[in-house]
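Colleague: Here's a structure for you.
Residue numbers (the working numbering): 2 to 370.
Next comes the structure, spelled out in structure tokens:
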């Protein structure tokens, strides 16, 4: 039973939760000032914690970027198992794939994590990601009877991860070649838009920065989790704008896995559904998710489709990996076609290998010319 409890607590931390250093250390310096004399210097000051060259992972810093060109970079740490959202039963089976704590430790993430970086033509380079839902709050919602509503809740502890706080487990996963790393050439204007968008985000309302959720809102149409944040910046740079809409999936919510639980603790906002009863943990783990009444629906980013896009980029560089998704599913099929069109937008592909561990790190650089 302890393995089940461990599994669910991991599952409900959310796809991008960082389980170390989620709160600033006592006595930590204040956030960078946003009031220098010019907008450019203000952006540089705000982005300094994310552009420290000494702390950038070499797996992104040493990619063969073409001189005088700009790039956006996506770094995906895959989940320990497949999270297939194409059907309720596939999703339930996926939950059971996370029973091995060693697999989670090896992956460096509980359910997958997406980071976004940039390398501008003038050499400015950085990496950032968003995390949240810390301290077992999701697990407490589960015990209160919310079922997978815990995964779709909005939390008030979101934060951006500066390079100094990048967890060693994630650095190790990159170092050992477990990440999917794809750099995409963009315009210099696009690169500066990415930097400007991040600086504006840091200077914006604290409440907006603190929100952490995979559920979209009008202000954040891709959600406020790691994937939504990363793709929002990549979209601003022009790297993924045509692809992102195809990486979302409509998920029908049923009372076979969604519940109406006790009042959540302050700082948590639950997704509204028409569920009328608490969801017992045993029913969540052992029941038939395909049964039950529909209590709502949500369209959200599917991290498996994001992974598929990056692995298709790898395939164009000659790196192949096993197919993880059921291509009979119409959402998956449409995404596959969109990914192919997106990749056709780059004229040259550079495969990259670095390091010596079991074949080393594999990465891909996509060039416009």
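Think of the CB as a built atom: it goes at the ideal place given N, C-alpha and C, for glycine as much as any other residue.
Beta strand (DSSP E) containing residue 254: first to last residue?
Modeller: 249-255 is the span of the beta strand (DSSP E), which, as asked, contains residue 254.
Colleague: Would you kindly check if the distance between the Cβ of residue 250 and the Cβ of residue 86 is under 7 Å?
Modeller: yes
Colleague: Looking only at its chain, what residues have a beta carbon closer than 6 Å to the beta carbon of residue 183, apart from the 5 residues adjacent to it on each side?
Modeller: 75, 311, 314, 365
Colleague: Which value, in whole angstroms, describes the spacing of the CA atoms of residue 77 and residue 116?
Modeller: 6 Å
Colleague: Return the Cβ separation of residue 260 and residue 156 in integer angstroms, given the expectation that the two are a contact with Cβ distance under 8 Å.
Modeller: In fact, because the Cβ distance is near 18 Å, the residues do not count as touching under 8 Å.
Colleague: Can you name, in chain order, every residue of its own chain whose Cβ lies under 7 Å from the Cβ of residue 369, other than the five neighbours on each side?
Modeller: 186, 347, 348
Colleague: Classify residue 317 as helix, strand or coil using the three-state DSSP reduction.
Modeller: helix
Colleague: Who are the Cβ neighbours of residue 145 in its own chain at under 6 Å, not counting the five residues just before and after it?
Modeller: 262, 263
Colleague: Quick one: Cα of residue 51 to Cα of residue 342, how far?
Modeller: 32 Å
Colleague: Where do the ends of the alpha helix (DSSP H) carrying residue 351 lie?
Modeller: Not the alpha helix (DSSP H): residue 351 falls in the beta strand (DSSP E), residues 349-355.
Colleague: Since residue 172 and residue 356 should fall inside the 8 Å C-beta cutoff, what is the C-beta to C-beta distance between them, to a whole number of angstroms?
Modeller: With 8 Å as the limit, residue 172 and residue 356 do not qualify as a contact, their Cβ atoms being about 13 Å apart.
Colleague: Under a Cβ-count criterion, where at least 16 other Cβ atoms within 10 Å of its own Cβ denotes burial, should residue 65 be classed as buried or exposed?
Modeller: exposed
Colleague: Grouping DSSP H, G and I as helix and E and B as strand, with all else coil, what is residue 182?
Modeller: strand
Colleague: Need the endpoints of the beta strand (DSSP E) that residue 295 sits in, please.
Modeller: 295-302
Colleague: Determine the burial state of residue 319: buried for a count of at least 16 other Cβ atoms within 10 Å of its Cβ, exposed for fewer.
Modeller: Classification of residue 319: exposed, given that the 10 Å Cβ count is below 16.
Colleague: So which of 138, 162, 163 has the shortest CA-CA distance to residue 151?
Modeller: For the residues 138, 162, 163, the minimum Cα distance to residue 151 belongs to 138.
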